[in-house]
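Asker: The letter at position 22 of the sequence shown is residue 1060 when you use this note's numbering, and the numbering goes up by one with no holes.
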Amino acid sequence: MGRKNKQGTIEFIESSSDWKLVGFPSPEKQIDNCDDFRLDIQGVTTTEPKQYNIHLQVNNPCKIPSLKLLLGRTVTSILVPVDIDKTPEEIRNIMIEKVKGSNL
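#1: Please list the terminal residues of the continuous beta strand (DSSP E) segment that includes Phe1075.
#2: Drop a sphere of 10 angstroms on the beta-carbon of Val1137, count the other beta-carbons inside from all chains shown, and report buried for 16 or more, exposed for fewer.
#3: Starting from Asn1071, trace the beta strand (DSSP E) both ways and give me its first and last residue.
#4: Keeping to the same chain, check which residues put their C-beta closer than 6 angstroms to that of Pro1119; ignore five residues upstream and five downstream.
#5: Judging by CA-CA distance, which residue of Gly1081, Asn1091, Leu1108 and Lys1101 is the nearest neighbour of Ile1143?
#6: Specify the secondary structure class of Ile1134 as computed by DSSP and reduced to three states.
#7: Let me make sure I understand the geometry here. Which of Asp1073, Thr1125 and Gly1081 has the alpha-carbon closest to that of Glu1049?
#8: From the DSSP output, read off the bridge partner residues of Pro1119.
#9: With a 10 Å radius around its C-beta and 16 neighbouring C-beta atoms as the bar for buried, classify Thr1084 as buried or exposed.
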């Protein structure tokens, strides 16, 4: 869709505070949000090893015109092991790499 979309998405990921990316709350909870995006835990996988299912979604309303076609949709998702500590930086890097490789 465009470089601005990816850049806006990456900026949101980079702006998420460290404390929001550790010690995740109970499943199905919003982790972070801004005018254009939100980061949600959709739940925990049922298979072993258990993993948090984290989605980055386009918020409604969204101020980025070219993203309005994706309102409420998932931009990228990652699985983070429940019992293995990942640093906030590791989580950000995984998400950023997925965004860079996407068609966003």
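For each residue, glycine too, the CB sits at the ideal point set by N, CA and C. On a predicted model such as this, the values are computed, not experimentally measured, just so you know.
Answerer: Working from what's here:
#1: As a working mapping, residue 1075 is identified with position 37 in the sequence shown. First-last of the beta strand (DSSP E) with Phe1075: Phe1075 to Val1082.
#2: Walking along the sequence shown from the start, residue 1137 turns up at place 99. Residue environment: Val1137 is assigned as buried (16 or more neighbouring CB atoms within 10 Å of its CB, all protein chains considered).
#3: Locating residue 1071 in the sequence shown gives position 33, counting from the first residue. Counting along the chain, the beta strand (DSSP E) containing Asn1071 begins and ends at Lys1067 to Asn1071.
#4: Residue mapping note: residue 1119 aligns to position 81 of the sequence shown, counting from 1. Annotation for Pro1119: Pro1087 and Gln1089 place their beta carbon closer than 6 angstroms to its own, counting only its chain and skipping 5 residues before and after.
#5: Any answer about residue 1143 is impossible in this case: the structure gives the chain only from 1039 up to 1142.
#6: Here residue 1134 is taken as the residue at index 96 of the sequence shown, counted from 1. Correct three-state label for Ile1134: helix.
#7: The sequence position of residue 1049 within the sequence shown is 11, counting from 1. Minimum Cα distance to Glu1049 is reached at Asp1073.
#8: Stepping through the sequence shown from its first residue, residue 1119 is reached at position 81. In the DSSP output, where bridge partners are listed per residue, Pro1119 has Gln1089.
#9: The residue labelled residue 1084 in the question sits at position 46 within the sequence shown. For Thr1084, the number of other beta carbons within 10 angstroms of its own is below 16, and it is reported as exposed.
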